[in-house]
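A.B. asks:
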Amino acid sequence: MKKALLLTTMASMTLVANAYDDPYQMNYADWGALMLNGNQLSSSKTGGAVQLKGWSTYSLHREGVQGCLGKDQWAMMQMYGANVVRLAMYIDETDSYLGNESKFKEFIKESILETAELDMYCIVDWHILPESLSNGDPNDYIAESKDFFGEISKYCADNGYDNVLYEICNESTCGWSNIKSYAEEVMPEITANQPDAIIIVGTDSWCQKIMEPVSSPIKNEFKKNVMYSFHYDACSHYSLLGDFRNAQKNIPVFVSEWSAVKFNGEGLFCESNSDEMIAACENIPRAPQLVSWCVWNWGSNEDEASSFFTGSCDIGNESIYKGTNNYQEYGYYIMRMMDSGGCFRQMVCCCGPWSTMNQIPSTETSLWHWDYYNTCGEGVSYHDANSSAWIKDSNGVVVDYSNEGEEVDIFSLAKTMQWIEKKCPWSKVYCGELIDFDSTISTIWKDADGNPTHKSLNAGRNYSGPAGSARPNGGVDLNGANCLGTVYEDSRYTSLYLVEDDEWINYTVQVEKPGYYKISGIISSEYKAPMEEGEISILTIDENYNLVSPLRVPSDSLSYVDVINTFGFPKIDICADTTINVSDFKNCWQQVDAKSGDENVILCAFKDAGIYEISIEFKGDASGVGPLVFDWYGEIDHNDPILSVTDIESSKKIFSIYPNPTSGEFTVALADAAEANVEIVNMAGQVVASQKIEGSAIIKKALAAGVYTVVVKSNGAVSTQKLVVK
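Numbering-wise (the numbering used here), the sequence shown opens with residue 1 and increments by one.
Right, here's the structure in full:
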């Protein structure tokens with residue numbers, strides 16, 4: 001993308017973010033019916049952006065929620081600062097909806113009336129959970145869903161209730177394509193009665209795979225209706241925030257459920273991770289959307305850390321559960337999130353401000369947020385094909401797993417071995433044949449009989465549960481970095497985790513001042529130290545979509561610089577600070593300078609100030625590398641070739657695509673008769689097709705409508721172009 005276009009895009013994004021009504025102390029009386037203005041949830045009355053904030057009830061059928069429902073309770077939520085109530089209605093648990101449909105329909109209708117009288121919004125939820133449904137698939141009860149939403153939306157239309165949002169499936173685990181087909185069949189039942197209704201569609205894997213609808217959205221006829229839900233448990237899902245921020249740039253998102261604790265409702269609550277999620281929802285100029293949210297939960301009398309109340313749902317019973325800092329009480333924390341005086345907004349701005357871009361300033365040290373990525377992926381079609389997780393024979397045939405604790409993507413392996421339909425595919429294989437169950441592979445995921453189901457992996461996205469393990473093309477994995485032992489301790493950063501050869505991750509960065517920047521990093525003792533010169537490569541993407549290395553090593557101050565390809569870090573010593581528990585290598589961190597071979601000063605060159613797109617690639621295992629640090633080092637050498645664009649041959653595109661746009665197959669033609677590997681990458685960073693070509697070739701992969709990146713690798717060079725599929 002050309003720099004001028006990038007700047008225009010960012011400017012327009014800022015204008016959208018600033019055009020909003022102050023959401024504090026505002027509700028249905030101020031905003032009226034809701035609509036989508038592009039990706040932004042907005043008021044039909046004022047046209048300004050809207051932020052709904054409120055609680056999700058505990059499941060309506062559970063004993064623990066009784067006494068915590070009804071108009072007085074909705075009014076209490078409003079007193080705390082909420083403007084929306086989410087009615088969490090489970091479907092097929094004992095005593096839930098399917099056991100007494102008329103009872104729950106009447107309760108939902110009564111609650112809609114009550115919230116309307118309070119000028120509050122109401123979310124009607126169809127709660128799908130894999131623990132109760134056999135597949136976590138909403139299609140299992142699609143007829144019942146269509147009946148329910150048809151009747152409720154007609155009730156609303158007949159009585160003029162346009163304060164209702166419909167969440168038509170929640171926390172499914174059956175794959176986005178199944179959820180999407182379900183949604184496209186159910187949504188007409190609502191829009192037939194309320195054409196402008198806002199409809200929230202849950203995403204796959206407990207509403208954690210928020211990037212999938214970016215490349216495969218609900219069909220265009222529902223564009224004015226549909227939003228996509230993201231769920232977040234602060235102590236478990238911090239590394240999902242990169243996906244969440246990225247999705248905000250592309251689709252309308254709604255955090256219909258979040259908690260400040262673990263995904264299972266247990267443990268201390270995590271303030272800093274919760275702060276970061278709320279900050280990502282706030283209206284700060286660089287943020288792409290003002291995002292609405294509901295916190296889980298209002299009304300559980302069970303001893304759950306995520307419950308706002310302890311005992312009964314009465315004033316004075318707000319939870320006194322302590323957080324990770326051991327002094328803040330959970331009830332007070334959530335009230336502060338809801339605070340109608342805007343205290344949290346002021347805190348965010350003063351601490352700030354949050355940004356979806358990494359900053360490289362010349363005046364102060366800047367730490368790198370790995371989770372601010374745009375896209376990521378890898379150089380092979382399946383996640384483990386280039387790792388030691390699969391044991392192969394001399395012909396490359398997979399014959400077994402590695403039993404040494406290696407990451408295993410069970411779904412891609414199962415697909416390769418053609419036994420994906422097996423319920424429990426943990427087995428030994430021989431020459432492509434399933435032999436016997438292998439109980440030696442450790443996993444935390446068990447079936448009802450205590451046997452392993454799927455291995456938990458891919459900590460970067462950290463999807464919870466068995467079906468969440470399916471991310472065969474996801475690329476770089478991230479994990480939390482507490483940075484203990486450094487001045488950046490507990491500062492909400494992430495680190496690289498389970499990085500494999502040829503994985504890559506792209507970023508948009510803002511450079512304050514042109515020049516050379518010295519690279520260092522916050523490294524944990526997990527890091528193994530670089531092989532040869534290094535394993536991390538930084539490439540800037542020029543306006544012709546060529547990748548150019550800005551890495552340099554200085555000689556004679558800056559009178560001469562050498563271009564290099566990769567860098568790494570020296571292996572750190574065990575932390576000397578005896579107050580740190582170093583039994584876990586992830587608790588030992590040090591800041592060290594990058595190195596390449598014998599060179600101990602590595603520079604990154606930026607010839608201009610402004611916004612850049614960069615790609616970071618990995619040539620080895622960089623696990624344990626936390627945030628990078630860029631410190632301004634000196635002015636650009638006027639002889640540095642990074643300033644020159646005189647080499648026409650090197651800047652020329654090495655391939656062409658036609659037709660582009662395309663509605664079907666297309667041709668990739670190389671500029672010469674060389675051999676190359678072609679990859680098609682969707683907007684979620686997934687490699688959806690890979691093919692070796694010589695000279696030119698027709699790509700016949702069926703692609704959904706959208707924008708893709710075509711990556712061509714030939715003779716050590718990498719070039720990319722955009723492909724539009726209509």
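The beta-carbon is built from N, C-alpha and C at its ideal position, and this holds for glycine as well. Note that the structure is a prediction, hence the values are computed from the model and not measured.
What number of angstroms, rounded off, separates the C-alpha of F309 from the C-alpha of Y333?
C.D. replies: What you label residue 309 is simply residue 309 of the sequence shown in a count that begins at 1. What you label residue 333 is simply residue 333 of the sequence shown in a count that begins at 1. Taking the straight line joining both Cα atoms gives about 12 Å.
A.B. asks: Determine the burial state of P472: buried for a count of at least 16 other Cβ atoms within 10 Å of its Cβ, exposed for fewer.
C.D. replies: As a working mapping, residue 472 is identified with position 472 in the sequence shown. Bear in mind that a pLDDT of 35 at P472, under 50, signals an unreliable position, so the model cannot answer this.
A.B. asks: Kindly list the residues whose CB is nearer than 6 Å to the CB of V678, restricted to its own chain and excluding five residues on each side of it in sequence; keep chain order.
C.D. replies: Taking the first residue of the sequence shown as 1, we reach residue 678 at position 678. Here the set comprises V668, Q691, I693, V712.
A.B. asks: Under the three-state reduction of DSSP, which class applies to C207: helix, strand or coil?
C.D. replies: Here residue 207 refers to the residue found at position 207 of the sequence shown. Of the three classes helix, strand and coil, the one that applies to C207 here is helix, per DSSP.
A.B. asks: Taking 8 Å as the cut-off, decide whether the C-beta atoms of W368 and P627 are in contact.
C.D. replies: If you number the sequence shown from 1, residue 368 lands on position 368. If you number the sequence shown from 1, residue 627 lands on position 627. Yes, these two residues count as a Cβ contact at 8 Å.
A.B. asks: Taking I227 as the reference, give the member of L268, Y166, W298 with the closest Cα.
C.D. replies: Here residue 227 refers to the residue found at position 227 of the sequence shown. The sequence shown places Met at residue 227, not Ile. With distances taken between Cα atoms, M227 lies closest to Y166.
A.B. asks: Can you find the residues in the same chain that come closer than 6 Å, C-beta to C-beta, to I198, ignoring five residues on each side of it along the sequence?
C.D. replies: As a position in the sequence shown, residue 198 is number 198, starting the count at 1. So the qualifying residues of the chain are L34, L165.
A.B. asks: Taking the straight line between their C-alpha atoms, what separation do you get for T709 and N220?
C.D. replies: Locating residue 709 in the sequence shown gives position 709, where the first residue counts as 1. Locating residue 220 in the sequence shown gives position 220, where the first residue counts as 1. Roughly 22 Å separates the two Cα atoms.
A.B. asks: Could you pull out every residue in the same chain whose Cβ sits closer than 6 Å to the Cβ of K701, ignoring the five residues on either side in sequence?
C.D. replies: As a first step, residue 701 must be located in the sequence shown, where it is residue number 701. A689.
A.B. asks: By how many angstroms is the C-alpha of G515 removed from the C-alpha of T540?
C.D. replies: Locating residue 540 in the sequence shown gives position 540, counting from the first residue. Locating residue 515 in the sequence shown gives position 515, counting from the first residue. If you take the alpha carbons of T540 and G515, they lie about 14 Å apart.
A.B. asks: Can you grab the Cα-Cα spacing for the pair S525 / T57, in whole Å?
C.D. replies: Here residue 525 refers to the residue found at position 525 when the sequence shown is read from its first residue. Here residue 57 refers to the residue found at position 57 when the sequence shown is read from its first residue. Answer to the nearest angstrom: the Cα atoms are 44 Å apart.
A.B. asks: Ordered along the chain, which non-local residues of its own chain (more than five positions away) have a Cβ less than 7 Å from that of K619?
C.D. replies: As a position in the sequence shown, residue 619 is number 619, starting the count at 1. Cβ neighbours of K619 beyond the five flanking positions: D501, E535, S537, T566.
A.B. asks: For I128 versus E189, is the C-beta distance shorter than 8 Å?
C.D. replies: Translated into the one-based positions of the sequence shown, residue 128 becomes position 128. Translated into the one-based positions of the sequence shown, residue 189 becomes position 189. Going by C-beta atoms, I128 is not nearer than 8 Å to E189.
A.B. asks: At which residue ranges does the region 154 to 214 contain complete beta strand (DSSP E) runs of 3 or more residues, listed in the order of the chain?
C.D. replies: As far as the region 154 to 214 is concerned, its whole beta strand (DSSP E) runs of at least 3 residues are 164 to 170, 198 to 202.
A.B. asks: Where does G634 sit, in a helix, a strand or coil, going by DSSP?
C.D. replies: Residue 634 sits at position 634 when you count from the first residue of the sequence shown. Three-state DSSP puts G634 in a strand.
A.B. asks: Around the C-beta of P195, are 16 or more other C-beta atoms found within 10 angstroms, so that it is buried, or is it exposed?
C.D. replies: In the sequence shown, residue 195 corresponds to position 195, counting from 1. Flag for P195 reads exposed.
A.B. asks: So, using beta-carbon positions, are G331 and I320 closer together than 8 Å?
C.D. replies: Start at 1 with the first residue of the sequence shown, and residue 331 comes out as number 331. Start at 1 with the first residue of the sequence shown, and residue 320 comes out as number 320. Yes, they are a contact pair.
A.B. asks: If you scan the region 42 to 97 from start to end, which runs of the alpha helix (DSSP H) of 4 or more residues do you find wholly inside it?
C.D. replies: Complete alpha helix (DSSP H) runs here, min 4: 71 to 80.
A.B. asks: With H, G and I counted as helix, E and B as strand and the rest as coil, what does DSSP make of P530?
C.D. replies: The residue given as residue 530 occupies position 530 in the sequence shown. Residue state, collapsed to three classes: coil.
A.B. asks: Just reading off the alpha helix (DSSP H) that A116 is part of, what are its end residues?
C.D. replies: Here the question's residue 116 lines up with position 116 in the sequence shown. Element bounds for A116: 101 to 117.
A.B. asks: With C-beta atoms as the reference, is V561 less than 8 Å away from V548?
C.D. replies: On the sequence shown, position 561 is the one that residue 561 refers to. On the sequence shown, position 548 is the one that residue 548 refers to. Going by C-beta atoms, V561 is not nearer than 8 Å to V548.
A.B. asks: If you compare alpha carbons, which of G54, N250, C156, R492 is closest to E271?
C.D. replies: Position 271 of the sequence shown, counting from 1, holds the residue named residue 271. Taking only the C-alpha atoms, the option nearest E271 is R492.
A.B. asks: So which of N600, Q248, N139 has the shortest CA-CA distance to G175?
C.D. replies: The residue labelled residue 175 in the question sits at position 175 within the sequence shown. Here the closest residue by C-alpha is N139.
A.B. asks: So what does DSSP say about A689, is it helix, strand or coil?
C.D. replies: Indexing the sequence shown from 1 puts residue 689 at position 689. Reduced to three states, the DSSP call for A689 is strand.
A.B. asks: Quick one: using the 10 Å Cβ neighbour count with 16 as the cut-off for buried, is E106 buried or exposed?
C.D. replies: Taking the first residue of the sequence shown as position 1, residue 106 is located at position 106. With fewer than 16 Cβ atoms within 10 Å of its Cβ, E106 is classed as exposed.
A.B. asks: Which residue from D92, S307, G67, V629 puts its Cα closest to that of S520?
C.D. replies: Working through the sequence shown from its first residue, we reach residue 520 at position 520. Checked all of D92, S307, G67, V629; the closest Cα to S520 is V629.
A.B. asks: Compute the beta-carbon to beta-carbon distance between L36 and K262, rounded to the nearest angstrom, for a pair I have assumed lies under 8 Å.
C.D. replies: Locating residue 36 in the sequence shown gives position 36, where the first residue counts as 1. Locating residue 262 in the sequence shown gives position 262, where the first residue counts as 1. Rounded, the Cβ-Cβ distance is 33 Å, inconsistent with contact.
A.B. asks: Take S786 as the anchor and find which of E63, W370, A279, S215 has the nearest alpha-carbon.
C.D. replies: Any answer about residue 786 is impossible in this case: the structure gives the chain only from 1 up to 726.
A.B. asks: In chain order, what residues of the same chain lie with their CB nearer than 6 Å to the CB of K513, ignoring the 5 residues before and after it?
C.D. replies: The count along the sequence shown starts at 1 and reaches residue 513 at position 513. Answer for K513: S362, A609, listed in chain order.
A.B. asks: Judging by CA-CA distance, which residue of D233, H231, L52, G485 is the nearest neighbour of S292?
C.D. replies: By one-based count along the sequence shown, residue 292 stands at place 292. When only C-alpha atoms are compared, the closest one is L52.
A.B. asks: Could you have a look at I492 and say whether DSSP puts it in helix, strand or coil?
C.D. replies: For this step, residue 492 is matched to residue 492 along the sequence shown. What sits at residue 492 in the sequence shown is Arg, not Ile. Note: R492 maps to coil in three-state DSSP.
A.B. asks: Comparing C-alpha positions only, which one of Q66, V85, I564, G67 sits nearest to W74?
C.D. replies: For the purposes of this step, residue 74 is taken as the residue at position 74 of the sequence shown. Ranking Q66, V85, I564, G67 by Cα distance to W74 puts V85 first.
A.B. asks: I'd like to check one pair, Q591 with T486: are the Cβ atoms closer than 8 Å?
C.D. replies: In the sequence shown, the residue the question calls residue 486 occupies position 486. In the sequence shown, the residue the question calls residue 591 occupies position 591. Cβ atoms of T486 and Q591: closer than 8 Å.
A.B. asks: E304 lies in the beta strand (DSSP E); which residues open and close that run?
C.D. replies: The count along the sequence shown starts at 1 and reaches residue 304 at position 304. Segment: none, E304 is in no beta strand (DSSP E) and carries neither H nor E.
A.B. asks: Tell me which residues share the same chain as N729 and place their Cβ nearer than 7 Å to its Cβ, disregarding the 5 neighbours each side in the sequence.
C.D. replies: Because residue 729 is not part of the residues shown, which for the chain are 1 to 726, the question remains open.
A.B. asks: Helix, strand or coil for W368, going by three-state DSSP, please let me know.
C.D. replies: Translated into the one-based positions of the sequence shown, residue 368 becomes position 368. Here W368 sits in coil by DSSP.
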